[in-house]
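Read the structure below first, then the notes.
Protein chains: 2
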Amino acid sequence: MCRHCDYKELLKASGLESNSNRIRVMEIVGNSSYPLSAQEISDTIDRTASINRVTVYRILDLLVEKGLLDRISAGDRSFRYGMAPNAHHRHHPHFYCRQCSAMECLSPESVHLDTAFLERTFPGAIEKVEVRLDGICKNCLQKLLK
Amino acid sequence: MCRHCDYKELLKASGLESNSNRIRVMEIVGNSSYPLSAQEISDTIDRTASINRVTVYRILDLLVEKGLLDRISAGDRSFRYGMAPNAHHRHHPHFYCRQCSAMECLSPESVHLDTAFLERTFPGAIEKVEVRLDGICKNCLQKLLK
DNA sequence: CGGCAATATGCAACCGAATTGCATGAATGT
DNA sequence: ACATTCATGCAATTCGGTTGCATATTGCCG
């Protein structure tokens, strides 16, 4: 999906050494068209190398903390990971299918959100805004109709 | 908070028998100014009666399924419960403090969200829209500054 | 180059929130 | 009063994720 991101560069720009695991994680997330679970990321790496799931969790924590990745709450009790907004990735909402638990990225324009007023008046610090639509995805809808 | 809702009526209108546990849950959620965790609801009931947490979970599942309550994902891996939108309760966004895990309800006007385009064009079925802002709440901000 | 500190990784055990299976208890209709 | 249905309790389990601690790997300095 993303031919624009030099993951090594991104890591360095955030003050992180780049090692093969970190780069793999960034690549996998960056190349996905939908936000991935830690499990999916771990499985993908495992296909070529071999990595402990704890290591994956730790890398994800680190990348989220450094602002390279976004941790997105799914409609269930798990998290997904996607590229954090940057020059090549605009912030966008997500759709969660309560039937198959899959998540999709929606286009940045699909939902218009105006938080300006709140940003000015809210007494706390707002760090991120998450918009998630829940329902049944196209696929599951078709299966249900059969 | 809510003097407008006759919980017994609401239950009946959704085709549910009303028993004391269900009414208590509805009252507790309806009277709260912020969305509550199952734990909080369970604890509150326990102060006057005695109830198993599994029962609370089952009542919550039921009330969510019937559309009386909303299950809201917090920024962590847990859920909160609030009144579902109805005549007296407009749909509104929430704020989650990553420091103390507390959630707040934001006013329905605080964020302007336009999903019309998506509702028309999305190939799946959209059942609900969740807007959550994450950050540090006023309280925690003050503590951090000390 | 050797040695040492700092990081990164693996493994096993653990955690919290929620869910399941199954037995018991209450309520409802006939 | 009895059967059927629904609600509750308790124990055990699941699922994602996290922690503690031991071992490897890396970077850095002399």
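Protein chains in written order, with our numbering: chain A, -9 to 136; chain B, -9 to 136.
Beta carbons: idealized from backbone N, C-alpha and C, even for Gly.
Residue-chain proximity (residue i, chain A), Cβ-Cβ < 9 angstroms
i: B/Pro113; result: yes
i: B/Arg48; result: no
i: B/Ala74; result: no
i: B/Glu(-1); result: no
i: B/Glu55; result: no
i: B/Asp181; result: Here chain B comprises residues numbered -9 to 136, so residue 181 of chain B is not present and cannot be evaluated.
i: B/Cys95; result: no
i: B/Val101; result: yes
i: B/Lys128; result: yes
i: B/Ser91; result: no
Per DSSP, the bridge partner or partners of residue i
i: A/Tyr71; result: A/Leu26 and A/Arg61
i: B/Arg122; result: A/Glu120 and B/His84
Residue of the options minimising C-alpha distance to residue i
i: B/Ile18; options: B/Gly72, B/Tyr47 and B/His(-6); result: B/Gly72
i: B/Cys90; options: B/Ala74, B/Lys128 and B/His78; result: B/Lys128
i: A/Pro25; options: A/Ile126, A/Ala115, A/Tyr86 and A/Leu53; result: A/Tyr86
i: B/Leu52; options: B/Thr38, B/Ala74 and B/Arg67; result: B/Ala74
i: B/Leu135; options: A/Leu134, A/Gly114, A/Ser23 and A/Ile126; result: A/Gly114
i: B/Arg88; options: B/Arg122, B/Gly65, B/Gln132 and B/Gly20; result: B/Gly65
i: A/Asp60; options: A/Lys133, A/Gly20 and A/Asp124; result: A/Gly20
Helix, strand or coil at residue i according to DSSP, with G and I counted as helix
i: B/Ala115; result: strand
i: A/Asp66; result: coil
i: A/Leu6; result: coil
i: B/Cys127; result: coil
i: A/Asn42; result: coil
i: A/Lys133; result: helix
i: A/Asp51; result: helix
i: B/Lys56; result: coil
i: B/Asp(-4); result: coil
C-beta neighbour in chain B for residue i, strict 9 angstroms
i: A/Glu117; result: yes
i: A/Arg67; result: yes
i: A/Arg88; result: yes
i: A/Val44; result: no
i: A/Val15; result: no
Taking only runs of the alpha helix (DSSP H) that begin and end inside the segment 76 to 113 of chain A, which ones reach a length of at least 4 residues, in chain order?
Runs of alpha helix (DSSP H) with 4 or more residues, each lying fully within the segment 76 to 113 of chain A, are found at 106 to 111, listed in chain order.
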